[in-house]
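Following: one structure in C-alpha cells, then a few remarks.
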Amino acid sequence: QKEVEQDPGPLSVPEGAIVSLNCTYSNSAFQYFMWYRQYSRKGPELLMYTYSSGNKEDGRFTAQVDKSSKYISLFIRDSQPSDSATYLCAMISNTGGFKTIFGAGTRLFVKA
Amino acid sequence: NAGVTQTPKFQVLKTGQSMTLQCAQDMNHNSMYWYRQDPGMGLRLIYYSASEGTTDKGEVPNGYNVSRLNKREFSLRLESAAPSQTSVYFCASSGGTGFYGYTFGSGTRLTVV
Chain A
1 QKEVEQDPGP LSVPEGAIVS LNCTYSNSAF QYFMWYRQYS RKGPELLMYT YSSGNKEDGR
61 FTAQVDKSSK YISLFIRDSQ PSDSATYLCA MISNTGGFKT IFGAGTRLFV KA
Chain B
1001 NAGVTQTPKF QVLKTGQSMT LQCAQDMNHN SMYWYRQDPG MGLRLIYYSA SEGTTDKGEV
1061 PNGYNVSRLN KREFSLRLES AAPSQTSVYF CASSGGTGFY GYTFGSGTRL TVV
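Heads up: the protein sequence lines correspond to chains A and B, in order.
The first sequence maps to residues 1 to 112 in our numbering.
The second sequence maps to residues 1001 to 1113 in our numbering.
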C-alpha cells in the first residue's frame, strides 16, 4: 500500500464548476501538507501548504486537512480552463528525516 | 528570477552510456533534491543534499550518483544508463527541510534505448 493515495483521474468539469481534489494517507506522523500544480511538460509549482489540521484559503483555492480521517482536499472555486493541469498532493512528517512524499497526481480538465 | 535551472531539457542515450544532469539554483537555498517522475508512480526521491557538502540517498538511488558542487549546483550522474532509467528528472530546492514547499526546475526528459 502506498503511503499517499491519489485518484489519477482524469477529472473533467465545465468552466465555473467547483472542483474537489483529494488524497488519503496512512502515516499519522504527517504534519505538513502541500498541493502542487503541474502543467504539461513543466515542473510542479507550489500552490498551497498547511500545517496540521484545518482550512487555508488563497483566492479561488481552499486546502483542507482532516487528520482524524487521514484525508486532505483541495477545492477550486469558479474553475477556469487555465486550471487544467495535474495536481499533486505532498506531505512531510516531522520524524524520520523530514522527507516529502508525493501523491501520483490527479489530472484535471476544465472545459470552456 | 531564474529559480532552478536544469540542463539538458531532453536527452536520448544508448544503454550503457553515461551522462550528467546539471542543476543550479539562485535562491540561496540550502537543500537540493533530485526526483524522477514516472506515470502512475508520482515523484520519487533519488538523492538529496541537505546542505553544501552533504548528500544522502533517497527512495530510488541505485544506478545514480550525485555531487553537490557548491551551494548553487547539484548534479546527477548516470554511470551506465539502463532502459529502466527512462523518465523525467526534476531538480528541486528548498530553504530548509521543505516544510514550506520546494521550487522545481522544468525537468529533463531522458530516454534510454
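Here a beta-carbon is modelled for each residue, glycine too, at the ideal position from N, C-alpha and C.
Among the options, nearest to residue i - alpha-carbon criterion
| i | options | result |
| --- | --- | --- |
| tyrosine 1089 of chain B | A:Arg41, A:Phe75, A:Glu57, A:Tyr49 | A:Arg41 |
| serine 52 of chain A | A:Tyr36, A:Ser28, A:Asp58 | A:Ser28 |
| methionine 48 of chain A | A:Ser84, A:Leu11, A:Leu88, A:Ser12 | A:Leu88 |
| glycine 9 of chain A | A:Gly105, A:Val110, A:Ala112 | A:Gly105 |
| phenylalanine 75 of chain A | A:Asp58, A:Lys67, A:Ser69 | A:Asp58 |
| methionine 91 of chain A | A:Leu108, A:Ala112, A:Tyr39, A:Asn22 | A:Asn22 |
| tyrosine 1064 of chain B | B:Leu1078, B:Leu1043, B:Lys1057, B:Gln1022 | B:Leu1078 |
| leucine 1110 of chain B | B:Ala1024, B:Asp1038, B:Val1004 | B:Asp1038 |
| serine 1084 of chain B | B:Val1066, B:Val1060, B:Ser1094 | B:Val1060 |
| serine 1080 of chain B | B:Thr1020, B:Lys1009, B:Ser1087, B:Ala1002 | B:Thr1020 |
8 Å Cβ cutoff met for residue i and residue j
| i | j | result |
| --- | --- | --- |
| methionine 1027 of chain B | phenylalanine 1074 of chain B | no |
| valine 1112 of chain B | alanine 1082 of chain B | yes |
| phenylalanine 102 of chain A | valine 4 of chain A | yes |
| glutamine 1006 of chain B | glycine 1105 of chain B | yes |
| aspartate 78 of chain A | valine 110 of chain A | no |
| serine 93 of chain A | phenylalanine 33 of chain A | no |
| glutamine 38 of chain A | alanine 85 of chain A | yes |
| leucine 108 of chain A | leucine 46 of chain A | no |
| arginine 1068 of chain B | alanine 1024 of chain B | no |
Strand pairing of residue i, partner residues [DSSP]
| i | result |
| --- | --- |
| alanine 90 of chain A | A:Met34, A:Phe102 |
| alanine 1081 of chain B | Answer by DSSP bridge pairing: none, since alanine 1081 of chain B is not bridged. |
| lysine 70 of chain A | The partner list for lysine 70 of chain A (beta bridge, DSSP) is empty, contrary to what the question assumes. |
| threonine 1007 of chain B | B:Gln1022 |
| aspartate 58 of chain A | A:Phe61 |
| asparagine 22 of chain A | A:Ser73 |
| glutamate 45 of chain A | A:Arg37 |
| serine 1051 of chain B | Per DSSP, none; premise fails for serine 1051 of chain B. |
| lysine 111 of chain A | A:Pro14 |
| lysine 1071 of chain B | For lysine 1071 of chain B, which the question treats as bridged, DSSP gives no partner whatsoever. |
Per-residue DSSP class, three states only, for residue i
| i | result |
| --- | --- |
| aspartate 83 of chain A | helix |
| serine 12 of chain A | strand |
| asparagine 1065 of chain B | strand |
| glycine 1042 of chain B | strand |
| threonine 1111 of chain B | strand |
| glutamine 64 of chain A | strand |
| methionine 1027 of chain B | coil |
| alanine 1092 of chain B | strand |
| threonine 1103 of chain B | strand |
| glutamine 1 of chain A | coil |
| glutamine 6 of chain A | coil |
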